[in-house]
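Residue 8 in full-length UniProt numbering is what sits at position 8 of the sequence shown, and the numbering runs on without skipping anything.
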Amino acid sequence: MDWAFEALYNKAKLYARRAHDEPMNSALMGFWMSLSLEILARAALAHVHPALLADPREPDNTHYAFGIIPKGVPKSIQAKAVFARCSVFIKDFTDKMSAHCLIMADRRNSELHSGAAAFENIDNSSWLPATYEVVEVLLRHVSRNFKDFLTADHAKFVENILKDRRDNLKREVQEKVAKAKKFYLNAPDDWKTEKAEAFAAKLDLYVKSSKLRRKWQCPSCDMTAAMAGEAIGRSPARIDPDEVTITREVRVLPNSFQCPYCRLSLNGFQEMKEAGLGAVYTVEEEEDPIEFFGIVPEEHVDVDKIVENYYRDEYDNE
């Protein structure tokens with residue numbers, strides 16, 4: 001099967017090695033890596049099950065994923081859907097990574113389908129480290145590593161780049177936390193007292209505006225701040241017949257932290273992780289029973305009768 005994990009993985013590996021045979025700042029380096037990135041993402045989904053690659057608009061596509069040869073050519077999902085599904089099924093694959101993959105895919109499409117030289121004159125520092133981060137997550141998901149995916153020499157090169165990137169990020173986050181702590185410690189006590197009530201009210205509004213947000217202690221000033229994240233999975237629905245409610249547990253990957261007191265601002269999962277705030281948390285989500293069960297109210301209620309009774313009551317009350 002063309003959607004089998006091993007076939008896709010080996011093709012992604014071939015393109016990645018072609019990329020690394022090119023000069024580091026060449027257009028072909030970027031082009032081959034853009035191809036490798038999408039195919040590796042497809043391999044990662046196939047590692048869960050090839051059905052995740054099937055275009056759901058035609059049943060034959062799903063049948064093919066289960067080994068049934070269709071009459072026509074089986075169609076897989078587009079790149080945008082591939083990366084969106086990776087965000088759901090692959091641990092640590094964030095929305096930010098999905099956005100990076102889409103940028104790479106857009107450049108590739110522009111290269112192939114237009115007169116633009118989409119990979120020319122682009123410094124690899126603007127895309128290569130982020131690409132390696134995505135590849136690392138995908139390889140971990142399929143129990144492989146850079147040594148297998150590239151070569152031993154290239155693997156060492158990649159690991160050094162990622163280490164430098166993490167060291168720099170760690171230093172930047174430490175500097176952010178220290179700067180915010182200094183600001184709060186030096187702020188006048190009367191300012192802290194004056195702003196406390198207003199900040200608390202704004203914090204309540206911010207957290208209540210989304211189920212994926214919560215209050216959390218700030219690592220700089222120890223005050224209550226706001227954390228937000230992206231949904232990475234949902235539990236099976238729990239139905240409570242007594243309360244007539246349907247709820248799910250939503251797993252949230254933190255990607256934002258804002259403290260109004262010391263002005264600490266963290267953006268992205270990696271920054272959150274370096275600040276010790278990267279643990280996945282859960283929130284409760286309530287579903288509408290009508291939508292969950294696919295109930296069509298008109299099939300159970302005589303709308304015309306309700307309208308007729310309404311106007312009759314209005315007339316009788318005059």
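By construction, the Cβ of each residue, glycine as well, lies at the ideal position given by its N, Cα and C atoms. Treat the numbers as computed from the prediction; the structure is a model and nothing was measured.
Cβ neighbour criterion (16 or more within 10 Å) applied to residue i
i, result
"Met260", "Residue identity check: residue 260 is Pro in the sequence provided, not Met. With 16 or more other Cβ atoms within 10 Å, it is buried."
"His141", "buried"
"His47", "buried"
"Lys202", "exposed"
"Trp191", "exposed"
"Met272", "buried"
"residue 352", "Residue 352 lies beyond the stretch modelled for the chain, which goes from 1 to 318, so this question has no answer here."
"Thr193", "exposed"
"Phe292", "Note that Phe292 scores a pLDDT of 44, beneath 50, so its modelled location is shaky; the value from the coordinates is reported in the next line. Result: exposed."
"Ala117", "exposed"
"Ile68", "exposed"
"His20", "buried"
"Pro74", "buried"
"Gly229", "buried"
"Ile290", "Here the model assigns Ile290 a pLDDT of 49, short of 50, so the residue's position is not dependable, and the following value carries that caveat. Answer is exposed; the Cβ neighbour count stays below 16."
N- and C-terminal bounds of the alpha helix (DSSP H) containing residue i
i, result
"Pro129", "128-141"
"Asn267", "No alpha helix (DSSP H) contains Asn267, which is instead part of the beta strand (DSSP E) from 265-267."
"residue 319", "The structure shown does not extend to residue 319, since the chain is modelled only from 1 to 318, so the question has no answer here."
"Ala226", "It is not in any alpha helix (DSSP H) - Ala226 instead sits in the beta strand (DSSP E) that spans 224-234."
"Lys215", "From DSSP, Lys215 is part of no alpha helix (DSSP H) but of the beta strand (DSSP E) over 213-217."
"Ala155", "152-186"
"Leu205", "189-208"
"Lys147", "146-149"
Where the beta strand (DSSP E) containing residue i begins and where it ends
i, result
"Glu249", "245-258"
C-beta contact flag for residue i and residue j at 8 Å
i, j, result
"Ser51", "Phe66", "The question names Ser, but residue 51 in the sequence shown is Ala. Cβ atoms of Ala51 and Phe66: closer than 8 Å."
"Val137", "Leu150", "no"
"Val283", "Lys211", "yes"
"Met223", "Arg214", "no"
"Leu162", "Tyr132", "yes"
"Ala239", "Arg251", "Checking the sequence, you will find Ile at residue 239 rather than Ala. The answer is no: Cβ separation not under 8 Å."
"Leu277", "Pro219", "yes"
"Ile246", "Glu286", "yes"
"Leu14", "Val135", "no"
"Pro70", "His63", "yes"
"Pro262", "Lys181", "Here the sequence assigns Cys to residue 262, which means Pro is not the residue at that position. Yes. Within cutoff."
Exercise. Would you say the region 253-268 touches the region 193-210, given that touching needs at least three Cβ pairs under 8 Å?
Worked result: Under the three-pair Cβ rule at 8 Å, the region 253-268 counts as touching the region 193-210.
Problem set entry | Segments of 4+ residues assigned as alpha helix (DSSP H) that fall wholly inside the region 1-80 | Listed in chain order, they are 5-20, 27-48, 59-65.
For this session: Please confirm if the region 86-98 is in contact with the region 116-123, defined as three or more CB-CB distances below 8 Å between the two stretches.
Result: At 8 Å Cβ cutoff, the stretches do not touch.
Exercise. Are at least three pairs of beta-carbons, each pair with one atom in the region 5-15 and one in the region 98-116, less than 8 Å apart?
Worked result: By the Cβ rule, the region 5-15 does not count as touching the region 98-116, because fewer than three pairs are nearer than 8 Å.
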